[in-house]
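Structure record follows, encoded as structure tokens.
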Amino acid sequence: MSKLKMIAGAVLALVLLAGCGQAGSEQQRTLTVLAAASLTESFDELGARFTAEHPDVRVQFDYQGSSTLAEQIEQGRPADVFASADEKNMDKVRDLVGGPQTFATNQLTIVVPPGNPAKITSLADLSGDRAVVVCAPQVPCGSATKKVTQAAGVQVEPVSEENDVKSVLQKVVAGEADAGLVYVTDAKAAGDRVQVVDFPEAQQAVNSYPIATVNGAPEPELAAQFVEFARGPVGREILAAHGFGTP
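All the letters of the sequence shown, read from the start, carry residue numbers -23 to -1, 1 to 224 under mature numbering (1 follows the signal peptide of the UniProt record, and there is no 0).
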């Protein structure tokens, strides 16, 4: 075989391989899931398990406050699935989603820096001159905070109100606050970066987490499959491992 033919053959092989790779990438589908920030760790794991069973699928998550995500859906943002940290924000888009179903529950706890320098032992200790960080009222963790503090008759004057629960947690981890009110799942995810102070009043505001497909979803069949996956045995196992309760 001449050297010219060998070179031509090698070039042809490379072209064919490139074509195969391009065809493979074109066959991959993307599932867009808008999820509450408190679902970050559990849904990352859920997505990995889902794609293991659907190797042609890439799950693209966007984790933000539920109120922000609901507003984006109202404004026409394309998405396949919406998972909210409360029913209130799912209700805002009830005409834009299909059949929301509760798949998990969550409740608040107090997190403090390691060593608990402010010596916080109860919800009542969050009143006064403590530097406390909470979620903004429009997001689910903020709504739950308002409910539990009002039920307990505790007046909290936060130094900061954050747009999602992860931001509250981060301020406590960074030592910028004496305490923060976050979900038990976020406290669990933080590990030894924080200490946890449970309080009985948290039972006054147990959040239900609904999930639904978004009307006009680019991948409606995949969206329905993901919703069922989250609500099924694998989803329940993962959510429980991250501290979520069952509906």
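By construction, the Cβ of each residue, glycine as well, lies at the ideal position given by its N, Cα and C atoms.
Label residue i either buried or exposed according to how many other C-beta atoms from any shown protein chain fall within 10 Å of its C-beta, with 16 as the threshold for buried.
i: ASP63; result: buried
i: ALA25; result: exposed
i: SER2; result: For SER2, the predicted model reports a pLDDT of 48, less than 50, meaning its position is unreliable; a value from the coordinates is still stated below. The residue in question, SER2, is exposed, as its Cβ has fewer than 16 Cβ neighbours within 10 Å.
i: VAL116; result: buried
i: THR98; result: exposed
By how many angstroms is the C-alpha of residue j removed from the C-alpha of residue i?
i: ARG213; j: THR223; result: 8 Å
i: ALA156; j: ASP33; result: 44 Å
i: GLY220; j: ALA95; result: 26 Å
i: VAL133; j: ALA167; result: 23 Å
i: GLY130; j: LEU199; result: 46 Å
i: HIS31; j: PRO177; result: 42 Å
Relative to the ligand ADP, is the shortest distance from any of its heavy atoms to the C-beta of residue i smaller than 7 Å?
i: ALA182; result: Looking at this structure, you won't find the ligand ADP or any other ligand, since it has none at all.
Taking 8 Å as the threshold (C-beta atoms), are residue j and residue i in contact?
i: GLN37; j: VAL161; result: no
i: LEU11; j: ALA56; result: yes
i: ALA14; j: GLN52; result: no
i: ASN140; j: THR17; result: no
To the nearest whole angstrom, what separates the beta carbons of residue i and residue j, a pair I think is in contact under 8 Å?
i: VAL150; j: VAL109; result: At roughly 15 Å, the Cβ-Cβ gap does not stay under 8 Å, so VAL150 and VAL109 are not in contact.
i: ARG6; j: GLU196; result: 6 Å
i: LEU142; j: VAL125; result: Note on identity: in this sequence residue 142 is Val, with Leu being the wrong assignment. Not quite, the Cβ-Cβ distance comes to about 14 Å (not below 8 Å), so this is no contact.
i: VAL74; j: ALA189; result: 4 Å
Going by alpha carbons, who is nearest to residue i out of the options?
i: ASN93; options: LYS143, GLY152, GLU138 and PRO117; result: GLY152
i: GLY209; options: PHE80, ALA29, LYS69 and LYS96; result: PHE80
i: THR28; options: ALA207, GLY220, GLY168 and LEU216; result: ALA207
i: ALA113; options: GLN202, SER19, VAL191 and VAL145; result: VAL145
i: ALA205; options: GLN181, ALA60 and CYS118; result: Sequence inspection shows Glu at residue 205; the Ala mentioned does not correspond to that position. If we check each option's Cα against that of GLU205, ALA60 comes out closest.
i: GLY193; options: GLN4, ALA47, LEU216 and VAL58; result: VAL58
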